[in-house]
Every structure is written in structure tokens, then in C-alpha cells.
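So the structure is just underneath, and the comments pick up after that.
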Amino acid sequence: MAEKPRIKVAKEAKKGEVIEIKTLLAHPMESGLRKDDAGALVPRKIINRFTCEFNGTLAFSCELEPAIAANPYFQFTVRVEESGTFRFTWIDDDGTAITADESITVS
Amino acid sequence: MRPLSRRAALALGLGTAAAWAGASRARATPSEADEAIAKFTGGKQPEPGRIAIDLPEIAENGTAVPLTVTVESPMTTADRITDVLVVADGNPNPRVATFRFTPMSGRAEVATRIRLNATENVIVVARTGDGRFLTARKEVKVTIGGCGG
């Protein structure tokens with residue numbers, strides 16, 4: 001859980017280029033439907049929201065249900081017009097927010 | 001009668017396991033999936049087309065099935081896809097995810113990995129900037145379900 005999210009994003013791009021971003025977070029995405037060895041339901045604990053901001057503006061987001069597989073992986077695109085920083089945020093059911101930043105130089 | 005070949009015996013075993021898993025778990029009814037879609041569209045009827053769903057025909061393991069959704073759109077401020085709902089009609093909870101695109105998205109394309117409970121339909125509904133809805137569906141055959149456990 002304390003593991004750093006894995007993010008793949010270009011370090012440089014041309015102005016107006018549409019770049020592909022890949023993110024992966026280590027997380028069990030406990031569905032709330034699974035039973036433990038004693039037969040008791042394991043309470044739901046998932047990442048219910050993921051966002052990607054660029055220089056403070058929301059670029060992509062999603063609301064998630066337990067049907068997203070463990071270690072949630074997303075691949076999406078963003079058009080970059082200026083240099084700046086991506087901020088990625090994963091929101092857990094328990095209210096915790098996991099964040100990561102990546103910067104890009106746009107020429 | 002010929003004795004069962006190794007392959008036939010294996011197929012039979014898998015079939016039984018799948019049937020057992022299906023019977024023992026809750027499943028959404030197709031109408032629950034329809035309800036989730038109606039909530040997303042505000043009751044409007046989505047039109048088929050412009051959506052490509054990339055999913056395997058057969059998923060041996062339903063716990064992480066790769067999904068790519070691509071909606072044909074210029075993604076300009078005036079003409080773009082704003083939201084994409086993904087529903088799996090045989091899962092205990094049919095909703096899978098809602099993806100929110102922006103004028104910065106560039107392409108209306110997203111990939112992730114999803115859980116599928118059994119052989120079922122994955123239904124995608126996309127909302128356009130001017131409030132129209134598009135839809136597409138694809139059936140996936142699932143050997144081992146990925147929801148309960």
C-alpha cells in the first residue's frame with residue numbers, strides 16, 4: 001500500500017501533442033463480496049476515484065466500482081500545450097488520497 | 001462408448017466449475033444494468049455506433065480482463081465526448097466505471113482492467129458534449145469468475 005504508484009508519461013513533448021499516460025497503483029480493490037477463511041465478508045475497500053490534473057486543471061477523471069481489477073491500471077491521453085506538472089490522485093474508500101506528480105517539458 | 005479424451009474431460013471439469021460458480025453467486029439482472037444506463041442517460045435512448053470495445057472473446061480469468069474503449073470523436077471544445085459509462089450486465093453490481101473526458105483529453109480513449117463474474121455483456125454508453133448518447137456492447141466468455149471468492 002505504501003508502494004509508490006507506477007506512472008509512464010513522456011518527459012518531453014511538442015506543443016499540441018496528444019500524449020499517452022499509463023498509471024498503476026498497488027491496491028487490493030477489496031470488492032466487499034469476498035469472504036475470508038472464516039467465512040466472514042471482507043469489508044469493501046476500493047479506490048473509488050482517480051483524477052489527473054495538469055497545471056491545476058482537471059484533464060481526466062473517473063469514478064470506480066468494485067468491478068475494477070486489483071492494482072487499478074489506467075491508460076488515457078492528454079493534449080499538452082505548455083510545460084508543466086501532472087498531478088495524479090487516487091481516492092480510497094477510507095478517505096485517504098494517494099498522490100504523485102510528473103513534470104513534462106513542452107516545446 | 002469411447003472413453004473421454006484428456007481434453008474433453010478437462011473441458012467438462014471447467015464447465016462444471018463455471019456453472020457452480022455462477023449458481024453460487026449473486027448476479028445482477030439485465031434490468032439492473034438497464035437501470036444504471038437509464039440513470040446515466042436520463043432516460044434517453046442511446047444510438048448504436050462510433051464506439052470500439054476492445055475485450056478478449058474469451059477471458060480465462062475474470063479477475064483482470066483488459067478493456068479498451070475508443071469513441072470516434074474529434075474531441076474539440078465544440079464536438080467531443082464528455083463521459084463514458086461501462087456496465088457489465090452479469091456482475092453482482094453492474095456498474096464498472098464512469099470515465100470523464102475534458103477538452104484537454106485529445107482522444108476519447110481509455111484502457112483499464114476489469115472484473116467479470118461470468119459470461120456476460122460489457123455495455124459502453126458515451127455522452128456527447130451536446131447531450132446525445134451512443135452505445136455499443138460486447139459479450140465476453142468467462143471461464144473463471146472474478147467477483148466473489
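Chains as they are written, first to last, in our numbering: chain A, 1 to 107; chain B, 1 to 149.
Backbone N, C-alpha and C define an ideal beta-carbon position, used for all residues, glycine too.
Please read these numbers as outputs of a predicted model, since none were measured by experiment.
Beta-carbon proximity of residue i to residue j, cut-off 8 Å
{"i": "Lys-138/B", "j": "Asn-121/B", "result": "yes"}
{"i": "Leu-64/A", "j": "Arg-49/A", "result": "yes"}
{"i": "Thr-96/A", "j": "Arg-87/A", "result": "no"}
{"i": "Val-18/A", "j": "Gly-106/B", "result": "yes"}
{"i": "Phe-74/A", "j": "Thr-23/A", "result": "yes"}
{"i": "Val-87/B", "j": "Arg-95/B", "result": "yes"}
{"i": "Ala-38/A", "j": "Met-104/B", "result": "no"}
{"i": "Thr-82/B", "j": "Thr-112/B", "result": "no"}
CB contact below 8 Å: residue i versus chain B
{"i": "Ala-26/A", "result": "no"}
{"i": "Ala-59/A", "result": "yes"}
{"i": "Ser-31/A", "result": "yes"}
{"i": "Phe-88/A", "result": "no"}
{"i": "Val-18/A", "result": "yes"}
Amino acids of chain A, ordered along the chain, whose beta-carbon sits closer than 9 Å to that of residue i
{"i": "Val-110/B", "result": "Phe-60, Cys-62, Phe-74, Gln-75, Phe-76 and Thr-77"}
{"i": "Ala-64/B", "result": "Ala-69, Ala-70, Asn-71 and Tyr-73"}
{"i": "Ser-105/B", "result": "Val-18, Ala-59, Phe-60, Phe-76, Thr-77, Val-78 and Arg-79"}
Chain-ordered chain C contacts of residue i [CB-CB under 8 Å]
{"i": "Ile-114/B", "result": "Given the protein chain composition of this structure (A and B), no chain C is represented."}
Cβ distance (whole Å) where residue i is taken to contact residue j below 8 Å
{"i": "Pro-66/A", "j": "Ser-107/A", "result": "42 Å between Cβ atoms; not a contact."}
{"i": "Cys-62/A", "j": "Thr-98/B", "result": "6 Å"}
{"i": "Thr-105/A", "j": "Glu-12/A", "result": "5 Å"}
{"i": "Leu-33/A", "j": "Pro-92/B", "result": "6 Å"}
Residue interval of the alpha helix (DSSP H) (run including residue i)
{"i": "Thr-41/B", "result": "30 to 41"}
Test: residue i CB closer than 8 Å to a CB of chain A
{"i": "Val-96/B", "result": "yes"}
{"i": "Ala-23/B", "result": "Model confidence at Ala-23/B stands at a pLDDT of 41, short of 50, so the residue's coordinates are unreliable and nothing is read from them."}
{"i": "Phe-133/B", "result": "no"}
{"i": "Ser-31/B", "result": "no"}
{"i": "Arg-80/B", "result": "no"}
{"i": "Pro-92/B", "result": "yes"}
{"i": "Ala-88/B", "result": "yes"}
Boundaries of the beta strand (DSSP E) in which residue i is found, first to last residue
{"i": "Gly-84/A", "result": "84 to 92"}
{"i": "Pro-66/B", "result": "65 to 71"}
Listed by chain order, chain A residues near residue i by CB distance under 7 Å
{"i": "Thr-102/B", "result": "Leu-58, Ala-59 and Phe-60"}
{"i": "Phe-99/B", "result": "Cys-62"}
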